[in-house]
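Residues in the sequence shown are numbered consecutively from 0, following numbering that gives the first Met the number 0.
Each residue gets a CB set at the ideal place from its N, CA and C atoms; glycine is no exception.
Given the structure is predicted, the values throughout are model-derived calculations rather than measurements.
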Amino acid sequence: MTFYEILSSFFFYGFAGWCAEVAFAAVRQRKFVNRGFLNGPICPIYGIGISLIITLLDGCKDQMIILYLVSTVLVTLLEWVTGVLLEKMFHHRWWDYSEMPLNIGGYVCPLFSAVWGIACVIVVRFLHPLIARCIAWIPKWIGVTFLILFCVTLFADIYVTVNGIFKLNRRLERMEDIAKDLRKLSDQIGENIYQNMMEGREKQEKLKEMKEKYRVLLEKPSRINRRLLRAFPKLQSRCYENALEELRKYLEGRRPF
């Protein structure tokens, strides 16, 4: 295959894959969802995968078992590499098969790989010969013009999408920082409340202890103290006026000795 044919196949199957993803999502969610990584109507992984299989396995299209097995392996490897790279680059996992049996790291699922292997056999054996004739039927200069336009649009879409993802990451980072600060502030408030409660409890215990000491001092004055206060009812203290007054009131309220 020539570079022109490979590039044409890339855009055709990328668009076809996008249509398949949209149709699948519409059946499941009952509404239109743009399932592509990019904003435009194309899924590059489909274009790359099928173009790669067509280029490498065109000579094996009459050997069904080999074609199926190799296609399945290539599709699985491509999906795994793409998933890992996207997650490493953008810190997001774009699909996850973790709930599917026999999945590999959540990036690939043997069941879907088997289905895509069958699809690749159908494409190589039956669909692509028709697509190749349609591509050959289009005048070369028209095809090249459209491919240039498609490439420019694709690169612009990639730039916008990647820039948008980085902006999203920065936004999420700021949100996460704010959330951490909120959690930290909340913990500090909780610790302060706890500390204040503990300090308050200690103060209450100390207050209780002090009140008990005060009560003992108030209620159990010595015999000399009682005598002096009875002897000098107008006794005043320049330093302990309040305490003296409390003691006097207490003694006055008791029965005389």
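Beta-carbon spacing of residue i, residue j below 7 Å
i     : j      : result
Ser50 : Phe9   : yes
Tyr12 : Gly58  : no
Leu6  : Leu146 : yes
Phe14 : Ile53  : no
Asp95 : Gly104 : no
Buried or exposed by the 16-neighbour rule on C-beta atoms within 10 Å, applied to residue i
i      : result
Gly16  : buried
Glu78  : buried
Thr71  : buried
Tyr3   : exposed
Gly48  : buried
Leu56  : buried
Pro128 : exposed
Cys119 : buried
Leu73  : buried
Ile44  : buried
Thr1   : exposed
DSSP bridge partner residues for residue i (one or two, in chain order)
i      : result
Val107 : Ile103
Cut-off 8 Å between Cβ atoms - residues of its own chain near residue i, not counting five sequence neighbours on either side
i      : result
Trp93  : Phe36, Gly82, Leu85, Glu86
Gly142 : Tyr3, Ser7, Ile134
Lys139 : Tyr3
Range of the contiguous alpha helix (DSSP H) that encloses residue i
i      : result
Arg27  : 2-28
Ile41  : Ile41 -> no alpha helix (DSSP H), and no H or E assigned at all.
Phe125 : Looking at the DSSP string, Phe125 is not in any alpha helix (DSSP H), and its letter there is neither H nor E.
Gly58  : Gly58 -> no alpha helix (DSSP H), and no H or E assigned at all.
Residues near residue i by beta carbon distance below 7 Å, same chain, minus five either side
i      : result
Phe60  : It should be pointed out that residue 60 corresponds to Lys in this sequence rather than to Phe. Counting only Cβ-Cβ distances below 7 Å, and skipping sequence neighbours, we find Leu66, Val123, Arg124.
Thr332 : Here the chain covers residues 0 to 256 and nothing more, so residue 332 does not appear.
Thr152 : Gly39
Ser97  : Gly105
Cut-off 6 Å between Cβ atoms - residues of its own chain near residue i, not counting five sequence neighbours on either side
i      : result
Arg237 : The predicted position of Arg237 is uncertain, since its pLDDT is 48 and thus under 50; a value taken from the coordinates is nonetheless stated next. Within the same chain, Arg237 has no close Cβ partners at all.
Ala19  : none
Gly116 : Tyr67, Ser70, Thr71
Asn162 : none
Asp156 : Leu37, Asn38, Gly39
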